[in-house]
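The listed protein sequences derive, respectively, from chains B and Z. Mapping the first sequence onto the working numbering, position 37 (from 1) lands on 37, and the numbers just tick up by one. For any residue, its number in the working numbering is found by taking its place in the second sequence, counting from 1, and adding 1000. Heads up, the beta-carbon is just placed ideally off N, CA and C, and yes, glycines get one too.
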Amino acid sequence: MDRPGIIAENVGVRFGGFRALNRIDLEITPGNLHSIIGPNGAGKTTLFNVLTGRLQPSEGHVRLGVRDITRMAAHGRVHLGIARSFQVTNIFHNLTVAENIRLAVQAVRRAESWTFWRGVNPDLNVEEILAATGLQARAADRAGTLSHGAQRALEIGMALGSDPRYVFLDEPLAGVSIDDIHRIKNLIRSLTPRRTVVLIEHNMRVVLDISDRITVLAQGEAIAEGTPADIRANPLVRAAYLGASV
Amino acid sequence: MNTFSAYRPFPDATTGALAIVLVALPFVLPSVTLASELVVFAVGALSCTFLLGLVGLLSFGQGLFFGIGAYGAALILLHSNSGSLVAVLAAAAMAAIAAAIVGFLSVRRRGIYFVMLTLAFAQMGYFAMLALKNVTGGENGLTGVPRPPIVADLGVLAHPQAVYAFLAAICFLAFVLTQRVASSPLGSVLRAIRENDIRADALGYDVRLFKIAALAFGGFLAGLAGAMHTIFLGLAPPNTIEPEMSERLVIMAIIGGTGSPMGALIGAGFYVLLADFLSTLWPRWLMIIAFLMIAIVLFLPNGLWGSAELLIGRWKSHRARAVSPEPVDG
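Structure representation (structure tokens):
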């Protein structure tokens, strides 16, 4: 298969006595924008952590096509084309914006990362990502000095640095101003179908607008999955999550 | 910031300054032996400066690798016909391998637990040296270590001046190599790990492997310093592998400041010269070092060199502000 999907089989995560995830089955179809929604504490980020390798599940398996990657570390999965951004902005605050992205690009060039006898390679493709995320003008600034919205854009830019096939974005719009929402939304949509995007987001308007497929989590279980139209019409979802506002 | 700042050009102004200082030292100091001692500890402190400043790893085990370098060089010189250079490099390589093994076991833990593990290994090394009395000479150390020419018949190390020249050359190369690593792609990864190891992992860097490599390089530098110490003294005393050696190297690094390799030279210089001066005045001179350490940590968190750099930076931006009408952000 040219582009395998990411498959979660019967995934469960327990933290002590607490069941964060319970028997989750999920298939991420290549080229799709697949959103994961649900109320706070539903287990969305935990599922992300399992799929991207930050956390190993207590039970079940994660596969990339036919390959079992359940026990593979996060850094290893990046080399298979799986990259992520973080819910709480997680950047190198004391390094420049360009350097943040350069480090992301360099990470998938193993020989380059171990090179110690010369300076850094200026040919790494940083400009394209700076342009896509609208950060060219701030390239030389310290990342910590960026506005919150620009830091969120940098988060996405760093996830794109490895030129991944699968991009996991954890609440990329959290705390982003109205002006920036539209731009970041278009950026996310433009990633497919070349890349597969898995998105956690609370902004329902955006999720229903740009998703190909939506999975709804509640209390660690997948209670519904379908197209945006299916989800909008699902009475269970309306009761559990969407409320009367949609 | 108490850090190796991002991308100094290589070589930079401090590379030239270092060369000048190393040439001048035997002429400005009261004795050439003191200059030799200074460059030995500059390399030892550099191993801590590199690990703490660039990678953010506080190792209280660098004395172990210093000791392995010291005893390794002594054993090679006592039992083989190799020249001084080969002995020094082989001993440093042994220390690097030992550091990689200690690193492999220690990087499984972070923060305070990592520090405790390095401390435990340093303790273990000291008692291993005492236990292996037949090889190490136990509490007497290894004495009567010959000081053969550098390579074959070239570079006879008969005079203190020749010994200093040899040690200063190694010191210079160690600093240049460290600066090169710091401003390389590998250095950028180590800096990223120091800044945010979780993000570095998520970007695709095998953080443990990079930390092990950094510890091996730190071990190489410490081992190099230990081997230089053996060449300098002509013996390998037990205090080269005592846990107190680890402490001393960390203190030198912090006094000088871990923001730049130059901090190691300044810190080692300050410590060695002060010890030389104070020990003639008062047998309890270490108390004054402790007092200075407290004062520096409280009032100069960037160390002596870092604070000097900060002052130079302020002076420059002050001048720039005076010239240009636009305010310059610091």
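Contact annotation, Leu1046(Z) with Val1272(Z): C-beta distance approximately 14 Å; criterion of less than 8 Å not satisfied. For Phe92(B), there is no enclosing beta strand (DSSP E), as DSSP gives it neither H nor E. Contacts between Tyr1071(Z) and chain B, judged by CB atoms closer than 8 Å, are missing: the closest CB pair is about 28 Å apart.
DSSP, reduced to helix, strand and coil, places Ile69(B) outside both helices and strands of the structure shown, so it counts as coil. Put simply, the backbone Cα of Ile1266(Z) is about 52 Å away from that of Val197(B).
Going by C-alpha positions, Ile181(B) is about 55 Å away from Cys1171(Z). Cβ contact annotation for Gly1141(Z) (same chain, cutoff 7 Å, sequence separation greater than five): Leu1235, Ala1236, Pro1237 and Pro1238, in chain order.
Within 8 Å of the CB of His148(B), no CB atom of chain Z is found; the nearest one sits about 17 Å away. When Cβ pairs closer than 8 Å are counted between the two stretches, the stretch 85 to 103 of chain B is seen to touch the stretch 135 to 149 of chain B, the count reaching three or more. Cβ-Cβ distances below 7 Å link Phe1104(Z) to Ile1212 in the same chain, with the five nearest sequence neighbours on each side left out; the list follows chain order.
Sequence-ordered contacts of the stretch 1189 to 1205 of chain Z with chain B read Val1189, Arg1191, Ala1192, Glu1195, Asn1196, Ile1198, Arg1199, Ala1200, Asp1201, Ala1202, Leu1203, Gly1204 and Tyr1205 [C-beta pairs closer than 8 Å].
Selection Ser1082(Z), Trp1285(Z) and Leu1077(Z) evaluated against Ala1152(Z) yields Ser1082(Z) as nearest (Cα-Cα). Sequence-ordered contacts of the stretch 85 to 97 of chain B with chain Z read Ser85, Phe86, Asn90, Ile91, Phe92, His93, Asn94, Leu95 and Thr96 [C-beta pairs closer than 9 Å]. Ranked by how close their Cα comes to the Cα of Val108(B), the residues Asp170(B), Gly161(B) and Leu173(B) have Gly161(B) in first place. Of the residues His79(B), Ile184(B), Ile69(B) and Arg194(B), the one whose Cα lies closest to the Cα of Glu201(B) is Ile184(B). Residue nearest to Gly134(B) within the set Ser147(B), Thr227(B) and Ala111(B) is Ser147(B) (criterion: CA-CA distance).
Straight-line spacing of the CA atoms in Leu208(B) and Thr227(B) works out to 9 Å. By the Cβ criterion, the stretch 1251 to 1269 of chain Z is not in contact with the stretch 1124 to 1143 of chain Z, since fewer than three pairs of Cβ atoms, one from each stretch, lie closer than 8 Å.
Only residues of its own chain outside the window of five on either side were considered, and among them Gly1257 and Gly1259 have a CB closer than 6 Å to the CB of Gly1306(Z), listed in chain order. Chain-order list of chain B residues neighbouring Phe1010(Z): Gly119, by C-beta distance under 7 Å. With the criterion set as a beta carbon lying under 7 Å from some beta carbon of chain B, the members of the stretch 1173 to 1186 of chain Z are Arg1180, Val1181, Ser1183, Ser1184, Pro1185 and Leu1186, in sequence order.
Counting along the chain, Ser35(B) sits inside no alpha helix (DSSP H); it lies in the beta strand (DSSP E) bounded by residues Leu33 to Ile37.
Between Leu1249(Z) and Cys1048(Z), the C-beta gap is smaller than 7 Å, which places the two residues in contact.
Against chain Z, a Cβ distance below 8 Å from Gln106(B) picks out Pro1185, Ser1188 and Val1189. Residues of chain Z with a Cβ closer than 8 Å to the Cβ of Phe116(B) are, in chain order, Arg1180, Val1181, Ser1184, Pro1185, Leu1186 and Gly1187.
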